[in-house]
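Here's the structure, in structure tokens; my notes come after.
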Amino acid sequence: MFVSEISKTFRWEMGHRLAGHPLCGNPHGHSYAADIHLKGPVQDNGMVMDYGDLSALMKPLVAQLDHAFAVDQADALMGEFLRENGFRILELPYPPTAENLARWLAEALAPQLPSGLVQLTVVVRETAHTTAQHTVALG
Numbered sequence: 013m014f015v016s017e018i019s020k021t022f023r024w025e026m027g028h029r030l031a032g033h034p035l036c037g038n039p040h041g042h043s044y045a046a047d048i049h050l051k052g053p054v055q056d057n058g059m060v061m062d063y064g065d066l067s068a069l070m071k072p073l074v075a076q077l078d079h080a081f082a083v084d085q086a087d088a089l090m091g092e093f094l095r096e097n098g099f100r101i102l103e104l105p106y107p108p109t110a111e112n113l114a115r116w117l118a119e120a121l122a123p124q125l126p127s128g129l130v131q132l133t134v135v136v137r138e139t140a141h142t143t144a145q146h147t148v149a150l151g
């Protein structure tokens with residue numbers, strides 16, 4: 013058996029704001045993408061992990077993000093407005109930056125992955141020119 017790395021890209025549309033930031037403090041949105049990289053031994057079937065299985069694990073996570081508004085729980089003004097007006101919300105315990113979205117996805121996905129994988133890396137693309145990456149050792 014040898015170790016290899018696979019990746020698959022998932023896309024969604026989402027709004028957010030970064031309270032107190034001179035530009036990003038305004039509510040706005042992005043066309044996000046996340047590249048999910050998995051490193052592990054190639055199994056007898058020739059795969060590190062079946063892409064269909066990865067898609068099945070990611071589907072409910074992307075559903076939480078798509079056409080939602082990500083808000084920091086500490087952003088009381090925005091959170092209250094969104095809740096009172098019935099918006100779809102993803103409440104996070106930290107600012108909804110690309111870095112923290114990569115972290116959130118990695119922490120949500122890692123416990124669901126099959127045993128034997130050695131590393132998970134999530135790369136979130138917030139714009140065509142910017143990425144943030146979060147890596148978790150598995151096993």
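Sequential numbering of the sequence shown, starting at 13, is according to the working numbering. Positions of the beta carbon are idealized from the N, C-alpha and C atoms, including for glycine. No experiment lies behind these values; they were computed from the predicted model shown.
- Shortest Cα-Cα distance from glutamine 55 to any of His28, Val15, Gln145, Glu103 involves Val15.
- Methionine 61 sits in coil when the DSSP states are folded into three classes, being neither helix nor strand.
- Between leucine 104 and valine 74, the C-beta spacing is not below 9 Å.
- In the DSSP annotation of this structure, the continuous segment of the beta strand (DSSP E) that includes phenylalanine 22 starts and ends at 15-28.
- Judged by their CB atoms, methionine 61 and leucine 129 are nearer to each other than the 9 Å cut-off.
- Rounded to whole angstroms, glycine 151 and glutamate 92 show a C-alpha spacing of 40 Å.
- Membership of leucine 50 in the beta strand (DSSP E) is indicated by the continuous run 40-53.
- In the same chain as threonine 139, and ignoring 5 residues on each side of it, the C-beta atoms closer than 7 Å to its own belong to His42, in chain order.
- Between histidine 49 and isoleucine 18, the gap from beta carbon to beta carbon is short of 9 Å.
- In the three-state DSSP reduction, valine 148 falls in the strand class (E or B).
- Note on aspartate 65: under 16 other CB atoms within 10 angstroms of its CB, so exposed under the neighbour-count rule.
- Close CB contacts of lysine 20 within its chain, under the 6 Å cut and outside five residues either way in sequence, are with Ile48, Tyr63, Leu66 (chain order).
- Comparing alpha-carbon positions, the option among Leu77, Pro108, Leu132 lying closest to glutamate 119 turns out to be Leu132.
- 9 Å or more divides the Cβ of histidine 28 from the Cβ of phenylalanine 99.
- By the neighbour-count criterion, in which 16 or more other beta carbons inside 10 Å mark a residue as buried, arginine 137 falls on the buried side.
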